Amino acid sequence: MKTNLPLDADRLWADVMALAQITDPERPYTRRSFSALFLEGRAFLARRFAEAGLTTRIDAAGNLIGRIDGADPAIGVIAIGSHSDTVPSGGRFDGIAGVAAGLEVVRALRDSGAQLDHTIEVIDFLAEEPSEYGLSCVGSRGMTGSLNDRMLDLTDPTGEKLRDALRRVGGEPDRLSQAKRDDIRAFLELHIEQGVVLESQSLDVGIVTSIVGIRRLEIVFQGEADHAGTMPMALRRDALVAAAHTVSSVREAADGLAAEGPDYFVATVGILTVEPSASNIVPGRCRLVIDARTTNPALTKRFVEIIGRESSAHATSAKVTRASFADLSDGAPVACDPALRAALRTGAHDLGLGETDLPSGAGHDAAFMSRICPSAMVFVPCRAGKSHAPEEWADREAIAAGAAVIYQAVKALDQSLPRKARSGAA
Ligand code: GLV
Ligand code: MN
Ligand code: MN
Numbered sequence: 026m027k028t029n030l031p032l033d034a035d036r037l038w039a040d041v042m043a044l045a046q047i048t049d050p051e052r053p054y055t056r057r058s059f060s061a062l063f064l065e066g067r068a069f070l071a072r073r074f075a076e077a078g079l080t081t082r083i084d085a086a087g088n089l090i091g092r093i094d095g096a097d098p099a100i101g102v103i104a105i106g107s108h109s110d111t112v113p114s115g116g117r118f119d120g121i122a123g124v125a126a127g128l129e130v131v132r133a134l135r136d137s138g139a140q141l142d143h144t145i146e147v148i149d150f151l152a153e154e155p156s157e158y159g160l161s162c163v164g165s166r167g168m169t170g171s172l173n174d175r176m177l178d179l180t181d182p183t184g185e186k187l188r189d190a191l192r193r194v195g196g197e198p199d200r201l202s203q204a205k206r207d208d209i210r211a212f213l214e215l216h217i218e219q220g221v222v223l224e225s226q227s228l229d230v231g232i233v234t235s236i237v238g239i240r241r242l243e244i245v246f247q248g249e250a251d252h253a254g255t256m257p258m259a260l261r262r263d264a265l266v267a268a269a270h271t272v273s274s275v276r277e278a279a280d281g282l283a284a285e286g287p288d289y290f291v292a293t294v295g296i297l298t299v300e301p302s303a304s305n306i307v308p309g310r311c312r313l314v315i316d317a318r319t320t321n322p323a324l325t326k327r328f329v330e331i332i333g334r335e336s337s338a339h340a341t342s343a344k345v346t347r348a349s350f351a352d353l354s355d356g357a358p359v360a361c362d363p364a365l366r367a368a369l370r371t372g373a374h375d376l377g378l379g380e381t382d383l384p385s386g387a388g389h390d391a392a393f394m395s396r397i398c399p400s401a402m403v404f405v406p407c408r409a410g411k412s413h414a415p416e417e418w419a420d421r422e423a424i425a426a427g428a429a430v431i432y433q434a435v436k437a438l439d440q441s442l443p444r445k446a447r448s449g450a451a
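Counting in this note's numbering, the sequence shown runs from 26 upward without gaps.
This is the structure we're talking about:
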């Protein structure tokens, strides 16, 4: 365990634990984006940001941003952040650790008396996890000009549009262009690894090389609801039968593409809704959402062709129609910035920490941020690689070590980043 880190591990840990308490008590740890609990979490963060001397605002894309001006505001911003929303029954660290780390970096800089030339921002991006509207990374899409009208018109199960939900949390969907940034010179994100590489090699930090591209595809099968006791088998139009075969096709196609190597490919059906969902009714309608991830988009293209063909065949043989086969979102894989990665690596070495390069199979706000500025990530070990589950765990010292690497990198980048004149403000 490292004890001579340039920040306060306990103070950082206290924020992570305090945010964890803001959860749906029936489903720890749940703080879904756009919910009352999410807003409660944000109020907590905004208070902490203000106590640290940050000027706090919500941008038009619904991101919570804390800002501390540098000595030379004209040279732009170094941003640090992640997300405070969770998946249903998720963990205490996914996203939260990165926001709390950004805040602690600012407090540690303040405590050390350092005055940076660049302005520093700590960002809690809105809705990184797939939201009830079917879209993930809402805030980082907005900040990078990647949130379009089609996405804003997506609805949740109650029929509320994403644009209205965005308004509810303080965003301004009609002025989204104001959220788009051109003044951020570097973005750094700390995150738990959500894998076992660091733990199994007893390493302190991972320097992320690339982040997978994620494509989410929705398929709806429309059949006919009928009496499960009286409708003869030969006459049924069972939507779930087509869906079930499609789930198997997803698994088989993904197994095949993953086995080809060396590129990474995984695909999952994580949402399957059956209507009307009663034991004595033949399923009339089924909706699936497929999440396909890769380092090579050509594989996803082939995957979508296979699933397109096979889901159509499954619909025909179940005598149902395929009412929808549509992309919900499609993000390309990204490479993290080499200069930022070098700064993180040097930071780790200076602190005497063990590090390795590793790719990310999870999606992150950094993938969107790389569209507008150099971006990189630090992973910290988490127990048994477990994430998106209540057992998710990262040690206090592990998070502090990762945050300290960002602290070192921020100080170095403040001096080494190319100094271009700022072309516009957000
Ligand atoms: C984010 O948590 C993801 O789905 O990878
Ligand atoms: Mn997550
Ligand atoms: Mn996350």
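In this text, a Cβ means the ideal position worked out from N, Cα and C, and glycines have one as well.
As the structure is a computational prediction, the values presented were derived from the model and not from experiment.
Legend entry - 4 or more residues per run - each alpha helix (DSSP H) lying fully within the stretch 154–199: 163–168, 174–177, 187–193
Legend entry - Residues near V266 by beta carbon distance below 6 Å, same chain, minus five either side: Here the set comprises A343.
Inset, instruction - Could you tell me the distance, in whole angstroms, from the CA atom of A77 to the CA atom of L37? - result: 12 Å
Inset, instruction - Please specify which runs of the beta strand (DSSP E), each continuous and at least 3 residues long, are wholly inside the stretch 65–128, giving them in chain order. - result: Uninterrupted beta strand (DSSP E) stretches at least 3 residues long and entirely within the stretch 65–128 occur at 80–83, 89–93, 102–108, given in chain order.
Inset, instruction - Sort A426, R347, A364 by Cα distance to D375 and report the nearest one. - result: A426
Inset, instruction - From the DSSP output, in three-state form, read off A434 for me. - result: helix
Legend entry - Span of the alpha helix (DSSP H), counted from its first residue to its last, around E146: Unbroken run through E146 is the beta strand (DSSP E), 144–150; no alpha helix (DSSP H).
Inset, instruction - Excluding the 5 residues preceding and the 5 following R310 in the sequence, name in chain order all residues of the same chain whose CB lies nearer than 6 Å to its CB. - result: Q247, A264, E300
Inset, instruction - Using beta-carbon positions only, say whether I93 and R82 come within less than 9 Å of one another. - result: no
Legend entry - heavy atom of ligand 1 below 8 Å from I239 C-beta: yes
Legend entry - Identity of the residue in A292, I236, V405, P443 nearest R421 by Cα: Of the listed residues, the one whose Cα sits closest to R421 is V405.
Inset, instruction - Consider the C-beta atom of S274 and the heavy atoms of ligand 3; say whether any pair is separated by less than 8 Å. - result: no
Legend entry - Own chain partners of S349 with C-beta closer than 7 Å, once the 5 adjacent residues on each side are dropped: So the list reads E243, I244, V245, once near-sequence residues are dropped.
Inset, instruction - Could you check if G449 is buried or exposed, using at least 16 other CB atoms within 10 Å of its CB as the buried criterion? - result: Because G449 sits at a pLDDT of 46, beneath the cut-off of 50, its placement in the model cannot be relied upon, and the following sentence gives the value as read from the coordinates. Exposed: under 16 other Cβ atoms inside 10 Å.
Inset, instruction - State the Cα-Cα distance for the pair I105 and R175, rounded to the nearest angstrom. - result: 29 Å
Legend entry - Euclidean distance between Cα positions of A351 and S441: 44 Å
Legend entry - One or two residues paired with F290 in a DSSP bridge: T319
Legend entry - Nearest-angstrom Cβ-Cβ length linking Q219 and S412, presumed shorter than 8 Å: 4 Å
Legend entry - F393 in three-state terms, based on DSSP: Here F393 sits in helix by DSSP.
Legend entry - ligand 2 heavy atom lying under 8 Å from the CB of A126: no
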